[in-house]
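Novice: Below is the structure I would like to discuss, written out as structure tokens.
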Amino acid sequence: IRSVWPYGKIMYAPSKQGEQPSIEVSKEFVMSPNKLHLEASLDKALYHHGENIAVNVHIANNSNRTVKKIKVSVRQFADICLFSTAQYKCTVAETESDAGCPVGPGFTLSKVYSIRPSLENNKDKRGLALDGQLKHEDTNLASSTM
1 IRSVWPYGKI MYAPSKQGEQ PSIEVSKEFV MSPNKLHLEA SLDKALYHHG ENIAVNVHIA
61 NNSNRTVKKI KVSVRQFADI CLFSTAQYKC TVAETESDAG CPVGPGFTLS KVYSIRPSLE
121 NNKDKRGLAL DGQLKHEDTN LASSTM
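Next up, the structure:
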């Protein structure tokens, strides 16, 4: 992946994969003795334009609540510096599923969700960072930079 900036900065993607991104979150509910635990991880650290992103989700529901559906989204964060620095957040891909649900108290769910961000589905959004200009055919959503 190559990211070209209007002021001449070119960044190349690392030649090898980094650590597999993951997160763990626990949610407490009022009047529930235990928590809902969620783990999410990606199958790799680096994706190229047009590639599907595989999101591995594991839920351990130790609460007394029921999980009815799961939403997975990809958000683009862009720091824009004009007069002052502002951070724009834009959802560029999203999927919602009730497959494997409901996940009742004491049950678990492990599932892989596939999601693919693309410029085609996001052309009408404001604050979107791009590699290039909308009027050109080879434009993509902006690559991550370091």
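Numbering-wise (full-length UniProt numbering), the sequence shown opens with residue 1 and increments by one.
A virtual CB, placed ideally from N, CA and C, is assigned to each residue, including glycine.
Owing to the predicted nature of the structure, the values given are computational and were not obtained by experimental measurement.
#1: Taking the alpha-carbon positions, what's the Ser-144 to Tyr-47 distance?
#2: For the segment 16-70, list the beta strand (DSSP E) runs that are entirely contained and at least 3 residues long, ordered along the chain.
#3: Quick one: residues in its chain with C-beta nearer than 8 Å to the C-beta of Val-74, no 5 flanking neighbours on either side, listed in chain order?
#4: Following the continuous beta strand (DSSP E) through Ser-84, name the residue where it begins and the one where it ends.
#5: Taking Cβ to Cβ, would you say Glu-19 is nearer than 9 Å to Ala-45?
#6: If you count every other CB in all the chains shown that lies within 10 Å of the CB of Gln-76, and 16 or more means buried, which is it?
#7: Would you mind working out which of Lys-89, Val-67, Leu-128, Ala-86 sits nearest Gly-104, comparing C-alpha positions?
#8: Under the assumption that Ser-26 contacts Leu-36 (Cβ atoms under 8 Å), give the Cβ distance between them as a whole number of angstroms.
#9: Can you tell me where the beta strand (DSSP E) holding Lys-111 begins and where it ends?
#10: Just mark Trp-5 as buried or exposed, buried being the case when its beta carbon has 16 or more other beta carbons within 10 Å.
Specialist: Quick answer:
#1: 10 Å
#2: 22-27, 36-42, 53-61
#3: Ile-53, Thr-91, Val-92, Ala-93, Glu-94, Ile-115, Pro-117
#4: Ser-84 -> no beta strand (DSSP E), and no H or E assigned at all.
#5: yes
#6: buried
#7: Val-67
#8: 7 Å
#9: 108-115
#10: Caution applies to Trp-5, whose pLDDT of 49 falls short of 50 and renders its modelled position unreliable; the model cannot decide the point.
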